[in-house]
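What follows is a single structure, written as structure tokens, with notes after it.
Number of protein chains: 2
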Amino acid sequence: MTRVLPPATPHPAALSEPAGPPGFSALPGWTDDAAARAAARLDRSGFDPGSDPDAVVVARSVDDVTTVLTHAHATGTPVVVRGAGTGLSGGTVAGAGSVVLDLSRLDRIVEVSPADELAVVEPGVITADLDAAAAAHGLRYAPDPASLAISTIGGNIATNAGGLRCAKYGVTRDSVLGLDVVLADGRRISTGRRTVKGVAGYDLTGLFVGSEGTLGVIVGATLRLRPVPVRTATLAAWFDDVEAAAAAAAAITAARLQPAVAELLDTACLEAIAEAGGTTPPGGAFLLVQTDGFGADAEIDAVRAVVEPLARSVEIAADDAAAEELLATRRAGLPALERLGRVLVEDVAVPRSRLAEAVTAIAGIAARSGIRIATMAHAGDGNLHPILVLEAGRELDDHVWAAAGEVFGTALRLGGTLTGEHGVGLLKRRWLRDELGDVSHDLQRELRAVFDPGGVLNPGKAL
Amino acid sequence: MTRVLPPATPHPAALSEPAGPPGFSALPGWTDDAAARAAARLDRSGFDPGSDPDAVVVARSVDDVTTVLTHAHATGTPVVVRGAGTGLSGGTVAGAGSVVLDLSRLDRIVEVSPADELAVVEPGVITADLDAAAAAHGLRYAPDPASLAISTIGGNIATNAGGLRCAKYGVTRDSVLGLDVVLADGRRISTGRRTVKGVAGYDLTGLFVGSEGTLGVIVGATLRLRPVPVRTATLAAWFDDVEAAAAAAAAITAARLQPAVAELLDTACLEAIAEAGGTTPPGGAFLLVQTDGFGADAEIDAVRAVVEPLARSVEIAADDAAAEELLATRRAGLPALERLGRVLVEDVAVPRSRLAEAVTAIAGIAARSGIRIATMAHAGDGNLHPILVLEAGRELDDHVWAAAGEVFGTALRLGGTLTGEHGVGLLKRRWLRDELGDVSHDLQRELRAVFDPGGVLNPGKAL
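Protein sequence lines, in the order shown, are assigned to chains A and B.
Mapping of the first sequence onto the numbering used here: residues 5 to 467, in sequence order.
Mapping of the second sequence onto the numbering used here: residues 5 to 467, in sequence order.
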């Protein structure tokens with residue numbers, strides 16, 4: 005079996021002695037300390053580039069970013085931008101020959117405007133911190149990736165991160181009004197605006213969102229905030245099997261209801277929670293639904309009406325404490341799986357109507373490969389996280405990647421995508437052309453070259 | 005005073021005799037009939053290129069589009085894509101030297117999928133027809149530009165059209181999942197997907213939306229549909245002046261309410277309606293608010309609570325007929341103004357907090373210039389339509405454009421944009437660099453050149 009990943013050192017260019025003014029080794033935030041370099045080598049993808057980056061620059065200001073990029077552009081030095089390093093696709097992995105530009109100290113919330121329902125932030129702000137600052141005004145930052153307590157806004161934007169509430173409130177893209185960006189050659193631009201609407205010029209904001217550090221370095225963002233719903237209602241349902249749970253999700257859609265959250269756990273997930281000592285009632289699948297707004301209670305009753313005939317049992321939370329208990333089952337999934345071994349968290353999406361088919365196909369891949377795969381899904385938008393669990397000591401070997409490849413192939417066959425919200429990074433480049441097609445793939449490479457003719461921004465990633 | 009518009013013939017290249025295979029004059033849809041050419045010369049912007057296009061091709065298939073573009077690319081012939089010709093910025097205006105590619109016959113609704121809540125359509129579908137097809141499944145196409153009964157989906161996508169419901173449901177971009185596009189050289193690509201989420205590759209879908217026919221020709225679209233709300237509630241309020249109405253809109257935002265619709269009419273609008281014989285109660289400003297969903301009635305009561313202290317009178321519609329009566333006032337605005345003379349419908353947006361300032365500044369421009377300007381605004385998203393009314397026989401002369409220029413300058417000074425939902429077209433190119441800045445403007449020209457190196461797609465427009 006051939007190895008499907010790119011070679012272990014994706015950055016071919018060696019870092020030459022800093023040369024030509026302005027160099028960046030004079031910056032206060034520059035270091036080639038071994039521990040700092042080692043700490044900037046990995047993200048949470050499980051991919052190891054096999055070596056440490058040559059240096060790390062912890063930016064203290066936008067001027068620092070400009071200095072680094074100007075020098076990198078002049079010398080052809082690969083730059084890997086890093087926030088909190090919580091990415092799951094290898095987008096911030098950095099090996100020999102590259103310099104890591106760490107933006108985690110650019111972490112000011114510059115402004116929260118309740119009148120315009122927006123915030124202006126630096127990229128290193130932790131997502132949950134922004135949400136907390138907004139909450140003081142009855143507002144929230146809607147995108148809620150599972151990593152929100154540890155990931156940065158800049159990383160969220162770079163990957164177009166999703167989360168549980170996407171079903172109703174959209175992904176990160178839908179909350180980004182404008183960006184401040186340092187281009188590869190050190191020039192600065194602002195995209196978008198402080199207004200909700202605006203169509204002057206091309207949508208560069210959308211182009212930067214999800215571009216995984218390949219088109220420019222985001223040094224500021226104007227983000228849309230939304231009202232905290234006056235009321236949220238929570239329902240949990242247990243089913244005989246995942247087909248019944250998927251049918252319930254489809255029935256909610258068919259009833260033209262619009263939950264804010266619709267999370268599905270399959271049998272393998274529930275088994276792992278049980279093994280971990282959780283108190284999940286026996287059952288083959290679990291669905292958690294939340295509705296919100298002025299009509300949350302009426303809408304959750306409508307959800308119950310369509311789910312109940314398909315479920316083994318249904319429960320609506322009577323109060324916040326009860327809701328937290330129901331949410332705990334959803335939250336217990338990943339930790340329970342992590343107890344069983346090293347996990348590879350995958351991230352495919354399919355049209356909602358193919359959800360059951362996808363979960364079943366993935367269970368088949370698990371059975372054939374002998375690899376334990378548990379699936380959690382954002383059912384409201386067809387986004388599945390098949391989680392491959394490797395028993396203790398097992399590495400991400402060719403056999404594991406072959407199974408992952410089968411999962412990706414399944415998503416594409418069902419009219420879906422390789423990645424719903426984590427990004428392509430290093431891990432999925434191998435399959436990207438299959439999804440995009442040759443013409444689109446080539447066109448995207450040409451676009452990349454407009455922004456970064458020297459190829460210094462995160463080379464070897466995303467495309 | 006210098007003329008601020010580009011010269012009257014924006015397409016410099018003359019159409020040579022069709023040469024080189026495959027030519028397009030052999031296509032069944034090709035014509036150089038004088039009446040057909042004259043009919044394809046203008047849109048609704050009021051801009052006249054001073055001559056007719058050289059030919060019109062009414063595409064009967066995607067292959068026709070490919071043939072036209074391949075030939076145009078090979079011969080350097082400018083191509084102006086046209087749907088229903090309802091654009092308000094001159095984006096489809098076509099003069100001598102250009103060929104008009106008319107997509108209005110590509111008008112099939114290919115699929116409506118209630119399970120995936122999406123539709124697949126050809127670009128010539130009338131927006132209201134799609135909405136009607138969706139309604140059969142309890143769904144709707146959310147974007148509702150005022151032109152929806154006559155404009156096409158392709159045109160809506162090309163301009164990233166807005167509408168009344170944008171405040172809650174977003175603009176056209178937010179309802180486009182994927183596109184089928186013929187590139188300038190005749191190659192075809194598909195962007196996006198049938199899934200709600202997906203981050204593989206750059207967001208080309210977003211780049212095409214709003215690109216005004218300059219990056220490729222959209223021949224198919226996969227569009228998101230949304231549930232028809234179970235209930236819509238309607239409130240109308242009359243105020244002493246526009247400042248009070250804007251304060252009420254701000255109070256709704258401050259109360260963290262989220263209307264689906266929030267429309268404001270200023271004093272000049274109400275005066276025009278009264279002159280036209282409308283039965284508007286006397287008052288200086290009008291605000292129409294709709295809430296929707298399971299909690300529509302509770303939310304409209306919350307709206308009333310914050311609006312009432314600022315208003316002269318407030319009315320909540322008791323039933324659909326009463327709601328229609330309240331909506332009639334909003335709908336009466338433009339027809340009443342059109343009775344008074346030729347209108348130039350402008351389209352700026354400002355941050356919501358600057359709405360009152362913008363309306364007041366525009367009234368000042370009207371007073372100084374002596375030109376009657378009435379403003380209707382989508383108050384929920386800060387999008388203003390100042391409507392310049394020219395008395396009978398008056399042309400769009402330099403004095404009028406100077407006043408329009410002052411309106412644009414006001415929007416930019418308040419942190420807003422030249423165009424919220426109509427596009428740049430020909431009319432706003434003069435001011436675009438002021439909004440985008442030189443670096444961004446140049447970058448966008450480079451992007452355009454990647455898609456259209458020969459400059460045949462709608463040259464002289466949009467950028």
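Heads up, the beta-carbon is just placed ideally off N, CA and C, and yes, glycines get one too.
Does the count of Cβ pairs from the segment 121-128 of chain A and the segment 213-228 of chain A closer than 8 Å reach three? yes
Please check if any C-beta of chain B sits within less than 7 Å of the C-beta of V124 of chain A. no
For this session: Note the first and the last residue of the continuous alpha helix (DSSP H) segment covering A78 of chain B.
Result: 66-79
**OP:** Identify the continuous beta strand (DSSP E) that holds H141 of chain A and give its terminal residues.
**Re:** From DSSP, H141 of chain A is part of no beta strand (DSSP E); its letter is neither H nor E.
Checklist line | is_contact[I193 of chain A, chain B] using C-beta, thresh 7 Å | finding: yes
Just checking: is the beta-carbon of T421 of chain B within a distance shorter than 7 Å of some beta-carbon in chain A? yes
Would you tell me roughly how many angstroms separate the C-alpha atoms of F212 of chain B and R372 of chain B, rounded to the nearest one?
40 Å
Classification of E395 of chain B by the beta-carbon crowding that lies within 10 angstroms, buried from 16 upward: With fewer than 16 neighbouring CB atoms inside 10 Å of its own CB, E395 of chain B falls in the exposed class.
**OP:** Have a look at L274 of chain A and H382 of chain A and give me their C-alpha separation to the nearest angstrom.
**Re:** CA-CA distance, L274 of chain A to H382 of chain A, rounds to 16 Å.
List, in chain order, every chain B residue whose beta-carbon is nearer than 9 Å to that of V428 of chain A. Residues of chain B whose Cβ lies closer than 9 Å to the Cβ of V428 of chain A are, in chain order, V203, A204, G205.
query: Just how far apart, CA to CA, sit L46 of chain A and P53 of chain A?
result: 8 Å
Worksheet item: Is the segment 64-83 of chain B close to the segment 189-208 of chain B, with three or more CB pairs under 8 Å?
Response: yes
Could you check what DSSP says for L447 of chain A in three-state terms: helix, strand or coil?
-> helix
In this structure, does DSSP put V234 of chain A in helix, strand or coil? coil
In chain B, what lies closer than 9 Å to E303 of chain A by C-beta?
V234, G297, F298, G299
Could you please give me the residues that DSSP links to V104 of chain A through a beta bridge? A:V60, A:V84
field: 8 Å CB neighbourhood of L467 of chain A in its chain, flanking five on each side removed
entry: T218, V428, R433, L436, H445, Q448, R449, R452
For this session: With 7 Å as the limit, tell me which residues of the segment 235-250 of chain A have their beta carbon closer than that to any beta carbon of chain B; keep them in chain order.
Result: none
Quiz item: Any contact of the segment 230-246 of chain B with the segment 303-315 of chain B, i.e. 3+ C-beta pairs under 8 Å?
Solution: yes
Return yes when the Cβ of V85 of chain B is within less than 7 Å of the Cβ of V103 of chain B, no when it is not.
no
*Who are the neighbours of S357 of chain A on chain B, taking C-beta pairs under 8 Å?*
Within chain B, the residues placing a beta-carbon under 8 Å from that of S357 of chain A are S117, A119, D120, ordered along the chain.
Open item on the list: Does A453 of chain A come out as helix, strand or coil in the three-state DSSP assignment?
Closed with: helix
Quiz item: Could you give the distance in angstroms between the alpha-carbon of G101 of chain A and the alpha-carbon of T81 of chain A?
Solution: 7 Å
Looking only at its chain, what residues have a beta carbon closer than 8 Å to the beta carbon of R235 of chain B, apart from the 5 residues adjacent to it on each side?
If the five residues before and after R235 of chain B are omitted, its C-beta is found closer than 8 Å to the C-beta atoms of D296, G297, F298, A300, D301, all from its own chain and listed in chain order.
message = Can you tell me where the beta strand (DSSP E) holding F290 of chain B begins and where it ends?
response = 289-296
Apply the 10 Å Cβ neighbour rule to R334 of chain A and answer buried if 16 or more other Cβ atoms are within range, or exposed otherwise.
buried
Taking any Cβ of chain A, which residues in the segment 428-456 of chain B have a Cβ under 9 Å from it, in chain order? V428, K432, W435, L436, E439, L440, G441, V443, S444, H445, L447, Q448, E450, L451, R452, A453, V454, F455
G459 of chain A at chain B interface by Cβ criterion, 7 Å:
Not an interface residue.
### Message
Give me the subset of the segment 367-386 of chain B whose CB atoms are less than 7 Å from a CB atom of chain A, sorted by chain position.
### Response
D385, G386
Could you round the C-beta distance between G174 of chain A and P149 of chain A to whole angstroms and report it? I think they count as a contact, below 8 Å.
In fact, because the Cβ distance is near 13 Å, the residues do not count as touching under 8 Å.
*Reference R260 of chain A; option with closest CA among A:L291, A:R197, A:K172*: A:K172
| task | Output the distance between the C-alpha atoms of R44 of chain A and E115 of chain B, rounded to the nearest integer angstrom. | result | Checking the sequence, you will find Ala at residue 44 of chain A rather than Arg. Taking the straight line joining both Cα atoms gives about 49 Å.
Exercise for review: Taking L31 of chain B as the reference, give the member of B:S55, B:I377, B:T70, B:L422 with the closest Cα.
Suggested key: B:T70
Taking just the CA atoms, how far does R356 of chain A sit from L239 of chain A? Their backbone Cα atoms lie some 20 Å apart in a straight line.
*Do you know offhand how far A415 of chain A's Cα is from G99 of chain B's?*
47 Å
| query | Candidates A:I377, A:S179, A:L73, A:I366: which alpha carbon is nearest L105 of chain A's? | reply | A:L73
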